[in-house]
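What follows is a set of notes on a single structure, which appears directly below.
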Amino acid sequence: MCGNEALAESAIIAGCDAYFGYPITPQNEVPAYMSRRMPEEGRVFVQSESELAAINMVFGASATGKRAMTSSSSPGISLMQEGISYLSGAELPAVVVNVMRGGPGLGNIAPSQADYFQATRGGGHGDYRTIVLGPSSVQELVDCMPLAFDLADQYRMTVMVLADGILGQMMEPVVLEKKKGRELPPKDWALTGAAGRKQNIVRSLWLPEGALEELNNKLLDKYKQVEKSEVLCEEYEVDDADIVVVAYGVAARIVRGAVSRAREEGIKAGWIRPITLWPFPTGQISRAADEFRIFLVVEMSNGQMVEDVRLAVTGKAPVLFYGRPGGGVPTVDEILDQIRQLTLRPKT
Amino acid sequence: MMKTVFKRTPTLKDCPTHYCPGCGHGIAHRLIAEIIDELDIRDRTIGIAPVGCAVLAYDYLDVDMVEVAHGRPPAVATGMKRTNPDKIIFSYQGDGDLASIGAAEILHAGHRGEQITVVFINNAVYGMTGGQMAPTTMLDQVTATTPKGRSAAEQGYPLQVSELLATLPGTIYIERCALSSVAQIRKTKKAIKHAFDLQLEGADGMSMVEVLSPCPTYWRMSPTKAMEWLENNMTKVFPLGRLKG
Chain A
0 MCGNEALAES
10 AIIAGCDAYF
20 GYPITPQNEV
30 PAYMSRRMPE
40 EGRVFVQSES
50 ELAAINMVFG
60 ASATGKRAMT
70 SSSSPGISLM
80 QEGISYLSGA
90 ELPAVVVNVM
100 RGGPGLGNIA
110 PSQADYFQAT
120 RGGGHGDYRT
130 IVLGPSSVQE
140 LVDCMPLAFD
150 LADQYRMTVM
160 VLADGILGQM
170 MEPVVLEKKK
180 GRELPPKDWA
190 LTGAAGRKQN
200 IVRSLWLPEG
210 ALEELNNKLL
220 DKYKQVEKSE
230 VLCEEYEVDD
240 ADIVVVAYGV
250 AARIVRGAVS
260 RAREEGIKAG
270 WIRPITLWPF
280 PTGQISRAAD
290 EFRIFLVVEM
300 SNGQMVEDVR
310 LAVTGKAPVL
320 FYGRPGGGVP
330 TVDEILDQIR
340 QLTLRPKT
Chain B
0 MMKTVFKRTP
10 TLKDCPTHYC
20 PGCGHGIAHR
30 LIAEIIDELD
40 IRDRTIGIAP
50 VGCAVLAYDY
60 LDVDMVEVAH
70 GRPPAVATGM
80 KRTNPDKIIF
90 SYQGDGDLAS
100 IGAAEILHAG
110 HRGEQITVVF
120 INNAVYGMTG
130 GQMAPTTMLD
140 QVTATTPKGR
150 SAAEQGYPLQ
160 VSELLATLPG
170 TIYIERCALS
180 SVAQIRKTKK
190 AIKHAFDLQL
200 EGADGMSMVE
210 VLSPCPTYWR
220 MSPTKAMEWL
230 ENNMTKVFPL
240 GRLKG
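Those protein sequences? They're chains A and B, same order as listed. Residue numbering for the first sequence follows numbering that gives the first Met the number 0, starting at 0 and increasing by one per position. Residue numbering for the second sequence follows numbering that gives the first Met the number 0, starting at 0 and increasing by one per position.
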């Protein structure tokens, strides 16, 4: 299955009640698949008039306690930022998939990782966080979906699955199965009609003095809990490495190939792959920097995650960067060359 | 022997109002509360408050309510109704919310024939932000952003949203009412009740009642004068009556 269809089916298995979306390349297989499968399951599919409307439809369904999602690509995700800010203020769960393409502006339709800042810094206005998952294979994309819904419900947050055009379009064999999810708190805040109880109000406006500060601090406590409990990260041969390459998503797959070849050449190289981009694996990277080694960050952008790596390394080691923006995809050879140069190996 | 001839309806909360003297929102809130109680649907109704003066509508209406981004109530209502067809979903929106920033959302909710009830309060200004021009501001009307009065050449004509929406096959009932007199208020209640009734029956499409409502503060008039101005001037540009259904 291609990544886009696989993530859609995985969302259905994860109990997604409603999908709302607007066409945009390179994620069009998601709404097309959902338009067929959701009605078969007796669930809701609506093609919205815009990404603005799509995220607000998610807001509406989520406010009634349903599991709702949308998907889009970079320019469309920009339009959704208003809604994500409101979802965050109202503490509503939501799952948003961004199959990234090149930007800024209309950019192009080639794969990219240029929305890292937008995804991990909140993107919309106000003091909030979204959980960001960065899968690097179609199987991992599939596995991200039930996790995203569970995290969204557990913390009442927006969870963004940050994929890219390659992952969305790429075909790989996948295992799709229903797994036991997390124990989740009851949605006693949901709007269901005030039958036999006091009215429920879902809101993000807090005018009285100190009221919004109180909400912001409540959100902060929640975000701290997420940072403590939900970091996911994978690493390979870091212990003896002179150079550690940090990359996520599709870029991490290419890095894996380059690091293996470097090892074959006798270069002590390893890699770290953040799976949650927020919360970021700051602790893991910081620990790796306790012994002197070079860090190389590889991204399909002109350098965004590299800032988080620098914040984690806190000057203990040099952090260098190699990136290809605008739809460029770094090759194994390009990354291997960087590794050789940084470890002072002559070109072969 | 004392006899109660007028009392608060249960769905209207017993609390002080934040609305200005002579504002129409209080009347419109009360009408909705009365209708919810008369139809006995409090336990299955979800309301949507707009951005604008009525953003705090949930402080007055004792039903499950949500407050959403400016202009987006019809999209939020779509998400709610599609996933909860047994619930009664209504949005309460002002002219800035519905006719300006949310023009796309109301048009497409109507276009898709969403089975929701929309109460559209048209008072020809942005009240909450200080009386700026709305799409429905009358020609020559002085507002905070039309100091010389609205001119057709500069700012366009007042937007007649109800007429526009009535052309869509997806809308089943559109009526324009006014809160300018006791008789008109009674007609308004009848219209809003009909819009709720249609949703209760599962009628196939969107219902909207436009309510011309006074804003004495930003019309710079006394409450009584505002009622007269509404009846004598606004209804000429926004004629009352049933446009569809």
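Using N, Cα and C, we set each Cβ at its ideal position, and we do this for glycine too.
Item: Proximity below 8 angstroms, CB of B/Ser206 to CB of B/Ile171; Value: yes
Item: Selection of the region 77-100 of chain B by Cβ proximity to chain A, strictly under 7 angstroms; Value: Thr77, Gly78, Met79, Arg81, Thr82, Asn83 and Lys86
Item: Terminal residues of the alpha helix (DSSP H) in which B/Ile31 lies; Value: His24 to Leu38
Item: Sequence-distant residues of its chain with Cβ nearer than 7 angstroms to A/Pro22 (five each side left out); Value: Pro30
Item: Through-space distance from B/Ala177 to B/Met245, alpha-carbon basis; Value: The question about residue 245 of chain B has no answer, for chain B in this structure spans 0 to 244.
Item: Nearest-angstrom Cα separation, counted from A/Ser136 out to A/Ala93; Value: 22 angstroms
Item: Beta strand (DSSP E) segment containing A/Leu161, residue limits; Value: Thr157 to Asp163
Item: Burial state of B/Cys14, where buried means 16 or more other Cβ atoms lie within 10 Å; Value: exposed
Item: B/Trp218 - DSSP class collapsed to helix/strand/coil; Value: helix
Item: Anticipated Cβ contact below 8 angstroms, B/Phe89 with B/Thr116, distance rounded; Value: 4 angstroms
Item: Beta carbon proximity, A/Asp163 to chain B, threshold 8 angstroms; Value: no
Item: For A/Pro273, the first and last residue of its enclosing beta strand (DSSP E); Value: Ala268 to Pro273
Item: Exposed unless 16 or more other CB atoms sit within 10 angstroms - verdict on A/Gln117; Value: buried
Item: Residues of the region 18-50 of chain A whose Cβ lies closer than 8 angstroms to any Cβ of chain B, in chain order; Value: Phe19, Val43, Val45, Ser47, Glu48 and Ser49
Item: A/Asn216 classed as buried or exposed, judged by whether at least 16 other C-beta atoms fall within 10 angstroms; Value: exposed
Item: 8 angstroms Cβ cutoff met for A/Gly106 and A/Ser77; Value: no
Item: Stretch pair the region 113-128 of chain A + the region 179-186 of chain A: three plus CB contacts closer than 8 angstroms; Value: no
Item: Helix, strand or coil at B/Arg71 according to DSSP, with G and I counted as helix; Value: coil
Item: Distance between A/Leu140 and A/Tyr235 (C-alpha atoms, nearest Å); Value: 20 angstroms
Item: Cβ neighbour criterion (16 or more within 10 Å) applied to A/Gly282; Value: exposed
Item: Within chain A, the residues that B/His107 reaches when beta carbons sit closer than 9 angstroms; Value: Ser47, Glu48, Ser49 and Ala52
Item: Contacts that B/Ala68 makes with chain A (C-beta to C-beta distance below 7 angstroms); Value: Asn55, Glu81, Gly82 and Tyr85
Item: Cα-Cα separation, A/Tyr247 to A/Gly314; Value: 22 angstroms
Item: Pick from A/Gly101, A/Val230, A/Tyr154 and A/Arg272 that is closest to A/Gly88, judged by C-alpha positions; Value: A/Tyr154
Item: Beta-carbon gap between B/Leu138 and B/Phe119 smaller than 8 angstroms; Value: no
Item: Helix, strand or coil at B/Asp63 according to DSSP, with G and I counted as helix; Value: strand
Item: One or two residues paired with B/Thr170 in a DSSP bridge; Value: B/Met205
Item: Residues near A/Asp239 by beta carbon distance below 6 angstroms, same chain, minus five either side; Value: Lys267
Item: C-beta atoms of B/Glu66 and A/Arg42 nearer than 8 angstroms; Value: no
Item: Positions along the region 198-209 of chain B whose CB lies within less than 8 angstroms of some CB in chain A; Value: none
Item: Closer than 8 angstroms to chain A by CB, B/Thr187; Value: no
Item: Interface partners of B/Asp42 on chain A, CB under 8 angstroms; Value: Gly192, Ala193, Ala194 and Gly195
Item: A/Pro110, DSSP secondary structure in three states; Value: strand
Item: CB contact check: A/Lys65 to chain B, cutoff 8 angstroms; Value: yes
Item: Test: A/Asp142 CB closer than 8 angstroms to a CB of chain B; Value: no
Item: Residues near B/Lys12 in its chain [Cβ-Cβ closer than 6 angstroms; skip 5 each side]; Value: Tyr59 and Asp61
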